[in-house]
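This report refers to the structure that appears directly beneath it.
Put into structure tokens, the structure is as follows:
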């Protein structure tokens with residue numbers, strides 16, 4: 200290999216380094232900053248930038264003083280998905296934190312690939328760095344959810360009834376919204392008893408776990424439920440091992456009964472019942488649930504509680520079936 204070939208390879212390598220830095224950056228980077236990071240003269244970096252710009256890989260900002268990578272559609276999709284997964288992973292352990300290494304393992308990527316994304320999420324107040332290299336969910340994420348919860352008429356209508364149910368049962372009452380392939384708590388009224396089972400607002404779970412998810416599956420089109428169960432990775436949280444065929448068999452019974460019962464599916468020793476909240480045309484709008492320690496109840500008591508919950512919803516004017 201002659202000196203010309205060596206120079207060209209070095210230049211190519213530097214070009215790839217520049218592109219990688221710009222893709223990882225949370226904001227456009229100036230010529231002088233790139234020069235300092237790579238230890239190369241600004242004239243060399245400038246030529247590389249102009250070449251990358253001509254190829255459509257980077258572009259200047261509005262002021263013409265800094266450069267940023269042009270994200271390809273698949274890159275943008277992957278970046279958005281990774282950001283959502285990062286926030287969800289930190290939410291699952293809150294108020295604890297996770298190191299960059301732990302996050303990278305959960306997201307199946309390199310720790311270095313997360314740097315720009317973590318800075319971007321921090322700049323928006325969604326996450327915070329509690330100490331160097333350790334990240335935690337921040338209160339800024341509440342601003343993202345507040346319009347959904349604060350302007351949800353269904354939540355406002357159901358909350359008084361949920362307060363009554365909590366007072367009568369002395370157990371935790373929950374309201375789930377179903378979004379995509381997950382069930383998310385939008386209202387949580389904790390039991391007043393010292394030993395209780397509580398889920399915070401924003402807690403999110405796959406549909407194959409718990410009574411709430413089973414109701415959602417039972418009240419969606421049968422082909423959609425079958426497709427979900429065939430494609431989902433059914434990962435157990437407890438000794439309960441979810442199996443697609445077993446869940447599928449239970450769905451018709453849940454639809455017939457109008458409620459679902461779960462024991463120890465998400466948390467060992469927890470029990471729950473859930474019923475659908477349907478719109479005027481029979482479409483599933485939400486799922487209401489009561490959860491409690493399993494030692495404090497029996498199958499018969501759970502069935503009675505489910506009937507009580509269905510009756511309360513019917514009295515409030517809500518459909519509790521999907522219609523024909």
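In the numbering used here, the protein residues as written are 200 to 523. By construction, the Cβ of each residue, glycine as well, lies at the ideal position given by its N, Cα and C atoms.
Cβ pair residue i, residue j closer than 9 Å
| i | j | result |
| --- | --- | --- |
| residue 417 | residue 459 | yes |
| residue 483 | residue 377 | yes |
| residue 501 | residue 469 | no |
| residue 486 | residue 453 | no |
| residue 369 | residue 388 | no |
| residue 384 | residue 403 | yes |
| residue 471 | residue 411 | yes |
Beta bridge counterpart(s) of residue i as assigned by DSSP
| i | result |
| --- | --- |
| residue 393 | BP columns for residue 393 are empty, so no partner. |
| residue 488 | 373 and 473 |
| residue 388 | 372 |
| residue 327 | 335 |
| residue 383 | 376 and 403 |
| residue 461 | 471 |
| residue 259 | 266 |
| residue 433 | Note: residue 433 sits in no beta bridge, so no partner. |
| residue 297 | 334 |
| residue 229 | 265 |
| residue 483 | 477 |
Between the CA atoms of residue j and residue i - distance to the nearest angstrom
| i | j | result |
| --- | --- | --- |
| residue 311 | residue 332 | 11 Å |
| residue 382 | residue 250 | 48 Å |
| residue 451 | residue 254 | 57 Å |
| residue 517 | residue 479 | 8 Å |
| residue 371 | residue 494 | 15 Å |
| residue 220 | residue 289 | 25 Å |
| residue 293 | residue 326 | 11 Å |
| residue 231 | residue 241 | 6 Å |
| residue 229 | residue 278 | 22 Å |
| residue 252 | residue 259 | 8 Å |
| residue 248 | residue 320 | 27 Å |
| residue 506 | residue 426 | 30 Å |
| residue 504 | residue 394 | 19 Å |
| residue 318 | residue 324 | 10 Å |
| residue 392 | residue 496 | 14 Å |
| residue 300 | residue 361 | 42 Å |
Nearest to residue i (by Cα), restricted to the options the options
| i | options | result |
| --- | --- | --- |
| residue 305 | 327, 282 and 323 | 282 |
| residue 359 | 268, 386 and 294 | 386 |
| residue 439 | 504, 463 and 433 | 463 |
| residue 330 | 363, 364, 340 and 295 | 295 |
| residue 564 | 225, 269, 444 and 512 | Since the first residue shown for the chain is 200 and the last is 523, residue 564 is missing from the structure and cannot be characterised. |
| residue 430 | 414, 454 and 405 | 405 |
| residue 355 | 337, 225 and 374 | 374 |
| residue 234 | 223, 216, 226 and 222 | 216 |
| residue 307 | 422, 285 and 225 | 285 |
| residue 265 | 291, 499, 224 and 453 | 224 |
| residue 474 | 466, 461, 302 and 402 | 461 |
| residue 398 | 498, 488, 246 and 245 | 488 |
| residue 447 | 432, 424 and 465 | 424 |
| residue 340 | 287, 445 and 499 | 287 |
Any chain D beta carbon closer than 9 Å to residue i
| i | result |
| --- | --- |
| residue 314 | Within the model displayed, chain D is absent; a lone protein chain is all it includes. |
Problem set entry | alpha helix (DSSP H) runs contained entirely in the region 490 to 518, provided each spans 4 or more residues | DSSP assignment within the region 490 to 518 yields the following whole alpha helix (DSSP H) runs of 4 residues or more, N-terminal first: 498 to 514.
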